[in-house]
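Counting in my numbering, the sequence shown runs from 3 upward without gaps.
Worksheet: one structure, shown below.
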Amino acid sequence: MYFDEFSVKENLSLSPLLEVLADVLHRYSKHDPSLEQPLRSILSINNQQNALLNLPCIDTQRGYMCVKTITSFPEILPAIDGVVSLFNSNNGRLLLIADAKEITARRTATVSFLATKLLALNKLKNENAVLTIIGCGVQGRAHLDVFTELFKWNKIYLWSRNMTHAIDLQSVYSSKLNNIELLENLNDNRIQQSDVICTCTASEEALLSLHQVKKGVHINAVGSFRATMRELADDLMLSSDTTVIVDSKESAMKEAGEIIQSKAEILAELGELIENNEFCNDISKDKITIFKSVGMAIEDLAAAIVLYEYLQECREK
């Protein structure tokens, strides 16, 4: 069975995806031996930003194996292309193939929302909460889609290096969201109103510094996945007011430009926060919280499992 990008978006329900993501991330951080995931392989193309990536993993507890093969060409939209393949780990049988662009976009955005829920729950209890999305390509669109499906924001700001993308995204959502405004630049004072910021770019230069954000803001930084890439400046990463959480310590220390270049201390993995309310409550409301995500194969696995089990339910009806 092949799920194209439209089928993935239509059938990848966020509620079960949040549940499976929380499970695999929690087990990953507990070093569950039934869950195996090597570091991704990245082949640079012609020594440019362009790359070929391969992300495999296996979950013998659930009985699945998964591999994602994608290309990344940041200057061409959509920036990524490829497929996710799901297999039965007991007999090796191929179960489904799905479009990697939409799976990557939606699972990344859903992990970001999970991090926001765990690290900034007080923001999601505020009826005047403000969301800012930096970068309006595939990931920016997915974050807008997921974050507005799961929470009602009072105001939403968009910025993109190519403002045509921001204008187009605002236009697409204008029929159902009338609270989206565009930022002309990242020195716009309105950024300091943001309770939650999602950075979704392939930038190799820092876009946000400490002076641009308010105390207590939560930032989901999802764009960089190589040592030369970064979206957040050293003063923001290293501030005594900042707490840094990652999806994977091993991956972040080898692949996240913000972590590698700033040498920022990582407090914990996201999976360590799941089922650990005491840990989350210890983080001051005035702290800037940063969730730095480079993406993991187990997140693709979670999305593929949700799709496959939805398919099985449909066949049984």
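Even for Gly, the Cβ is constructed at its ideal location relative to N, Cα and C.
**Report entry** Unbroken alpha helix (DSSP H) run spanning Ser-114, endpoints
**Finding:** Counting from 1 along the sequence shown, the entry for residue 114 is found at position 112. Residues 102-121.
**Report entry** Beta-bridge partners of Trp-161, as assigned by DSSP
**Finding:** The sequence position of residue 161 within the sequence shown is 159, counting from 1. The bridge partners DSSP lists for Trp-161 are Ile-136.
ask   = Nearest-angstrom Cα distance between Ala-311 and Ile-60?
value = For the purposes of this step, residue 311 is identified with residue 309 of the sequence shown, where counting begins at 1. For the purposes of this step, residue 60 is identified with residue 58 of the sequence shown, where counting begins at 1. Residue identity differs from the one stated: residue 311 is Glu in this sequence, not Ala. Distance between the alpha carbons of Glu-311 and Ile-60 is about 17 Å.
| Which class does Ser-196 belong to by DSSP, given the choice of helix, strand or coil? | One-based indexing of the sequence shown puts residue 196 at position 194. Three-state result, Ser-196: coil.
*Just checking, does the stretch 198-207 make contact with the stretch 15-30 on the three C-beta pairs under 8 Å criterion?*
no
Locate the beta strand (DSSP E) running through Leu-126, then write down its first and last residues. In the sequence shown, residue 126 corresponds to position 124, counting from 1. No beta strand (DSSP E) holds Leu-126; DSSP gives it neither H nor E.
In chain order, which beta strand (DSSP E) runs of at least 3 residues are fully inside the stretch 170-223? Uninterrupted beta strand (DSSP E) stretches at least 3 residues long and entirely within the stretch 170-223 occur at 182-184, 198-201, 220-223, given in chain order.
Fill in: Backbone secondary structure at Met-67 - three-state DSSP
To locate residue 67, count along the sequence shown from 1; it is residue 65. Three-state result, Met-67: strand.
**Asked** Is DSSP giving Gly-84 helix, strand or coil here?
**Response** If you number the sequence shown from 1, residue 84 lands on position 82. DSSP places Gly-84 in strand when its eight states are reduced to three.
Practice problem: Examine the Cβ distances between the stretch 112-122 and the stretch 48-66 and report whether three or more of them are shorter than 8 Å. | Solution: no
Starting from Phe-293, trace the beta strand (DSSP E) in both directions and tell me its first and last residue.
Along the sequence shown, read from residue 1 onward, the residue named residue 293 stands at position 291. Looking at the DSSP string, the run of the beta strand (DSSP E) that includes Phe-293 is 290-294.
In whole angstroms, what separates the C-alpha of Asp-34 from that of Glu-233? Indexing the sequence shown from 1 puts residue 34 at position 32. Indexing the sequence shown from 1 puts residue 233 at position 231. Approximately 32 Å between the Cα atoms of the pair.
Discussion item. Does the contact criterion of 3 or more C-beta pairs under 8 Å hold for the stretch 260-275 versus the stretch 64-82?
Written reply: Taking a cut-off of 8 Å for Cβ pairs, the stretch 260-275 and the stretch 64-82 do not touch, as fewer than three such pairs fall below it.
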